[in-house]
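Enquirer: Provided herewith is a single structure, encoded as structure tokens, for subsequent inquiry.
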Amino acid sequence: MKHLATGVVILLLCLALCFTSLAVLDRWTTHATSQLEQALELADREYFDEAEALVTETWEFWRRRRGFFGMVLRHAEADQVNSTFRQLVEYAQNGCSEEFEPTCADLIEQINHLCDMEKPYYYNVL
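According to the numbering used here, the sequence shown is numbered sequentially starting from 67.
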């Protein structure tokens with residue numbers, strides 16, 4: 067009976083850690099995508115310096131959490147987001163508005179997809 071109780075406690079701790087990491091991932095990806103959406107709106111209104119500053123700030127936010135993302139996400143998808151982020155920062159610094167907007171929209175979709183892949187939806191389990 068003692069072994070069963072220990073096993074149940076360990077299982078519950080693992081489940082709690084999974085849901086905690088999912089909540090943190092959701093909060094951080096939501097923050098990043100909302101900032102990127104703001105940068106996209108600023109670029110649409112031709113406030114490109116402000117959009118560049120916001121993209122750079124979001125990239126720094128993402129980079130500071132790269133270790134966590136590396137633990138909870140698939141590396142191929144996380145690497146793709148990092149690569150797209152670097153492209154977006156470069157486009158923002160160079161003022162390439164025609165490349166900035168589609169790349170920013172693509173990055174928003176990639177980040178949203180990262181979070182959706184980790185949620186316990188039926189299509190992620192089956």
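We treat Cβ as the ideally placed atom computed from N, Cα and C, and that holds for glycine.
Quick one: what does DSSP say proline 186 is sitting in, helix, strand or coil?
Expert: Here proline 186 sits in coil by DSSP.
Enquirer: Give the single residue among Leu77, Met67, Leu91 and Leu81 whose Cα lies nearest to the Cα of valine 138.
Expert: Comparing Cα positions, the closest option is Leu91.
Enquirer: Can you look up tyrosine 113 in the DSSP assignment and give me helix, strand or coil?
Expert: Coil at tyrosine 113, not helix or strand.
Enquirer: Please state whether the Cβ-Cβ distance between glutamine 104 and leucine 78 is less than 8 Å.
Expert: Result no, Cβ atoms of glutamine 104 and leucine 78 do not sit closer than 8 Å.
Enquirer: Are leucine 106 and glutamate 167 closer than 8 Å when you measure CB to CB?
Expert: Cβ distance < 8 Å, so leucine 106 and glutamate 167 count as in contact.
Enquirer: Taking all protein chains shown into account, decide if isoleucine 174 is buried (16 or more other Cβ within 10 angstroms of its Cβ) or exposed.
Expert: Burial call: buried.
Enquirer: Have a look at serine 87 and histidine 97 and give me their C-alpha separation to the nearest angstrom.
Expert: Distance between the alpha carbons of serine 87 and histidine 97 is about 15 Å.
Enquirer: Of all the options Leu154, Gln159, Arg140 and Val155, which has the alpha carbon lying nearest to the alpha carbon of aspartate 182?
Expert: Nearest option by C-alpha distance: Arg140.
Enquirer: Indicate the three-state DSSP secondary structure (helix, strand or coil) for phenylalanine 83 in the structure shown.
Expert: Note that residue 83 is leucine in the sequence shown, not phenylalanine. Of the three classes helix, strand and coil, the one that applies to leucine 83 here is helix, per DSSP.
Enquirer: From what residue to what residue does the alpha helix (DSSP H) around leucine 139 run?
Expert: Leucine 139 -> no alpha helix (DSSP H), and no H or E assigned at all.
Enquirer: Tell me which residues share the same chain as glutamate 118 and place their Cβ nearer than 7 Å to its Cβ, disregarding the 5 neighbours each side in the sequence.
Expert: Excluding sequence neighbours, glutamate 118 sits near Ala158 and Gln159.
Enquirer: Going by C-alpha to C-alpha distance, which of Gly73, Ile177 and Phe151 sits closest to glutamate 165?
Expert: Measuring from the Cα of glutamate 165, the nearest candidate turns out to be Phe151.
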